[in-house]
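Contents: one structure, followed by commentary.
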Amino acid sequence: MNKFRKILRITEHDDERVRALEYRSYAEAGFLIAVLSALDVIIRGLVLSHPLSEWGMSLCILIIYIIYVGARQITMRITKDEKKKNRAEEVAALLGIAFFVVWRKVILKENLIPSGLLNWIENIGVFIVIFIVTYGMMYLFRNKKQSEI
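Converting from the sequence shown to my numbering requires adding 5 to each position, the first position being numbered 1.
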């Protein structure tokens, strides 16, 4: 198990601050790659219905990212309580995307991808508002739940 941990180690600096900053930068870069891969799969695979040969590599990258993150969390012994602390932003973003898709497809009955610059700006603004509202609601629920304890 110790050899497996050593293989997955990224940095070996003595300075704790440098190590933390390096881990954060790798995590942000990996998350950005995973988000771009997921967007590629969603847009080209689900929305535009392109063949698997066009978006299959993005799906492989996304699967590899998920497996790697899971393996890192196991080797670092991250507990469930530590994972739950910073999930509000992720859940708010996912709910925001879901509400945006429902608003765009069901309420407006339009394509998921906007057309024209003004339509893009309008949709980005709507998504930002939806995200802020869902994050605010999650923040209020979380604080209310913590104050009851």
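All residues carry an ideal CB built from backbone N, CA and C; glycine is no exception.
Could you please give the first and the last residue of the uninterrupted alpha helix (DSSP H) stretch that includes residue i?
{"i": "isoleucine 71", "result": "57-81"}
{"i": "serine 42", "result": "21-45"}
If you draw a straight line from the alpha carbon of residue i to that of residue j, how long is it in whole angstroms?
{"i": "aspartate 19", "j": "isoleucine 79", "result": "23 Å"}
{"i": "leucine 113", "j": "isoleucine 102", "result": "15 Å"}
{"i": "isoleucine 126", "j": "glutamate 21", "result": "42 Å"}
{"i": "arginine 147", "j": "glutamate 94", "result": "12 Å"}
{"i": "arginine 82", "j": "asparagine 124", "result": "46 Å"}
{"i": "arginine 109", "j": "leucine 122", "result": "16 Å"}
{"i": "arginine 168", "j": "leucine 44", "result": "Absent from the structure is residue 168, since the part of the chain shown begins at 6 and ends at 154."}
{"i": "glutamate 59", "j": "arginine 49", "result": "8 Å"}
{"i": "valine 131", "j": "phenylalanine 104", "result": "10 Å"}
{"i": "serine 120", "j": "asparagine 128", "result": "10 Å"}
{"i": "serine 30", "j": "isoleucine 38", "result": "12 Å"}
{"i": "alanine 34", "j": "tyrosine 70", "result": "11 Å"}
{"i": "tyrosine 73", "j": "alanine 32", "result": "11 Å"}
{"i": "histidine 55", "j": "lysine 149", "result": "45 Å"}
{"i": "leucine 53", "j": "isoleucine 133", "result": "24 Å"}
{"i": "leucine 57", "j": "asparagine 116", "result": "22 Å"}
{"i": "leucine 67", "j": "phenylalanine 36", "result": "10 Å"}
{"i": "isoleucine 135", "j": "tyrosine 144", "result": "14 Å"}
{"i": "serine 42", "j": "isoleucine 118", "result": "17 Å"}
{"i": "valine 111", "j": "leucine 51", "result": "17 Å"}
{"i": "glycine 75", "j": "valine 107", "result": "30 Å"}
For the putative contact between residue i and residue j, defined by C-beta atoms under 8 Å, what is the C-beta separation to the nearest angstrom?
{"i": "valine 46", "j": "leucine 64", "result": "5 Å"}
Between residue i and the ligand GDP, is the CB less than 7 Å from at least one heavy atom?
{"i": "arginine 24", "result": "Among the components modelled here there is no ligand, and therefore nothing to report on the ligand GDP."}
Under 8 Å between C-beta atoms, does residue i make it to chain C?
{"i": "tyrosine 31", "result": "Absence of chain C from the displayed structure is noted, only one protein chain being present."}
Three-pair Cβ contact test at 8 Å for the stretch 96-116 versus the stretch 125-143: Yes: the two stretches touch, three or more of their Cβ pairs being nearer than 8 Å.
Contact the stretch 19-29 vs the stretch 55-70: 3+ CB pairs below 8 Å: Not touching, per the Cβ criterion.
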